[in-house]
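*Asks:* In this note's numbering, the protein residues as written are 136 to 207. By construction, the Cβ of each residue, glycine as well, lies at the ideal position given by its N, Cα and C atoms.
Okay, structure coming up:
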């Protein structure tokens with residue numbers, strides 16, 4: 136995976152305008168880890184799978200923030 140692809144995946148986007156600082160911190164942390172995995176990871180299938188799982192983790196972490204505000 137290229138650095139540009141990782142940048143796109145883990146760049147913060149807040150379509151709902153909810154708690155931008157919280158979203159940003161999660162995405163920035165995930166992006167840092169994704170770059171480390173991409174740079175230092177070994178076997179490409181496992182590396183790709185780990186980045187995919189990281190994407191899923193970010194998705195659910197952000198969803199938890201959105202759902203927290205759903206009824207407000």
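#1: Let's see if you can read the secondary structure: which residues bound the alpha helix (DSSP H) around residue 163?
#2: Between which two residues does the alpha helix (DSSP H) containing residue 192 stretch?
#3: I'd like the list of long-range same chain contacts for residue 170, defined as Cβ closer than 8 Å, with 5 residues on each side in sequence excluded.
#4: If you check the beta carbons only, do residue 144 and residue 201 fall under 8 Å apart?
*Replies:* On the basis of the data shown:
#1: Note, residue 163: alpha helix (DSSP H), 155-175.
#2: Residue range 179-203 is occupied by the alpha helix (DSSP H) that includes residue 192.
#3: So the list reads 138, 141, once near-sequence residues are dropped.
#4: Remark: C-beta atoms of residue 144 and residue 201 do not approach each other more closely than 8 Å.
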